[in-house]
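Asks:
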């Protein structure tokens, strides 16, 4: 039987059962990371290899792309990509996300009314010094994105220059993603990075060759890459105020210059799932912040923290479902999902 990307649906019961089974067996949720750190495994997990190409049944077979496609099962797919800085103190954030996936998906599907979300997860390091500077999964409709998340190597590196390779995620989104949401309906996906440092100013052609396994014509600045990504994605950076540099204005000023109100300050990183879900909910429905926070059942300090993150975005938002300009030219039929390699 073919293994189809984007097939199946998120199952909270299966997620909980899998977590219970791992706990009973004494298996770490991030078991692949444990194996790499102990020398029992090496290299980026196959499901997160940035050099992976589309399979033979894809209209883009052989190309280095990740595809979010419609199918009979999921006719209205919407891509959601989440990338975490896994250097230094940020390495624990994927663990937080992993424990709250059911809440994230419940809000996205039930509250934001995205019936066919397809989630991709990835990790960002430092291309100047880390062994694993970029890891990226596939767009998934079912629990396989939990599998990919738990296969991330939490390297904990970084070079100490208050800069990390966030621009690799923008390079990926600009050149290595396609979606039926955009190509058929002119609807942008949701693209999140999270970290506590600023981006390196450019991605070099050598970085692209070394990390993605493809040729690039020239170096590109982070400004150029973000501009390209914003054409087809709602782009956010979640800044961890409880990370290593909460008071360094240089970092915050840099991100504000790049993203404006889409620079989102996260006071409590344990609420990252709630903030991601809240942002999507708010843009999909055009509800006000108080309604979004209330509908998510958030109260007290948690509700206040999430509200503080959402308010700046709410002032300048345009609902995501409102397409502007002409619809893009469709690059391929993409019907029925995309086969893996």
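Numbering (the UniProt record's numbering), first residue to last: 1 to 341.
Every residue gets a Cβ at the ideal spot worked out from N, C-alpha and C, and that includes glycine.
1) Is residue 66 helix, strand or coil when you go by DSSP?
2) Can you grab the Cα-Cα spacing for the pair residue 170 / residue 50, in whole Å?
3) Excluding five sequence neighbours on each side, which residues of the same chain lie with their C-beta closer than 6 Å to the C-beta of residue 104?
4) Can the beta-carbon of residue 120 be found less than 9 Å from the beta-carbon of residue 148?
5) Less than 9 Å between the C-beta atoms of residue 216 and residue 203, yes or no?
6) For residue 108 versus residue 80, is the C-beta spacing smaller than 9 Å?
7) Identify which residue in 222, 184, 213, 209 has its Cα closest to the Cα of residue 200.
8) Along the beta strand (DSSP E) that carries residue 123, what are the first and last residues, could you check?
9) Identify, in the order they occur along the chain, each residue of the same chain with its Cβ nearer than 8 Å to the Cβ of residue 98, setting aside the five sequence neighbours on each side.
10) Can you tell me whether DSSP reads residue 61 as helix, strand or coil?
11) Reducing DSSP to helix, strand and coil, say where residue 88 ends up.
12) Have a look at residue 74 and residue 250 and give me their C-alpha separation to the nearest angstrom.
13) Is the stretch 240 to 256 touching the stretch 204 to 215 in the sense that three or more CB pairs, one from each, lie closer than 8 Å?
14) Cα separation between residue 7 and residue 141?
15) Are the stretch 22 to 42 and the stretch 153 to 166 touching, with three or more C-beta to C-beta distances below 8 Å?
Replies: Result, derived from the coordinates:
1) Here DSSP, grouped into helix, strand and coil, assigns residue 66 to strand.
2) Separation of residue 170 and residue 50 (C-alpha to C-alpha, rounded to the nearest whole angstrom) is 13 Å.
3) So the qualifying residues of the chain are 273, 277.
4) Between residue 120 and residue 148, the gap from beta carbon to beta carbon is short of 9 Å.
5) Yes. Within cutoff.
6) A contact, by the Cβ cut-off of 9 Å.
7) Across the set 222, 184, 213, 209, the C-alpha of 222 shows the shortest separation from the C-alpha of residue 200.
8) Counting along the chain, the beta strand (DSSP E) containing residue 123 begins and ends at 117 to 124.
9) 29, 30, 146, 149, 150, listed in sequence order.
10) In the three-state scheme derived from DSSP, where H, G and I count as helix and E and B as strand, residue 61 is classed as coil.
11) Looking at residue 88 - three-state DSSP - the assignment turns out to be helix.
12) Taking the straight line from one Cα to the other gives about 43 Å.
13) No, the stretch 204 to 215 is not in contact with the stretch 240 to 256.
14) Their Cα atoms are separated by approximately 6 Å.
15) Enough Cβ pairs lie closer than 8 Å, so yes.
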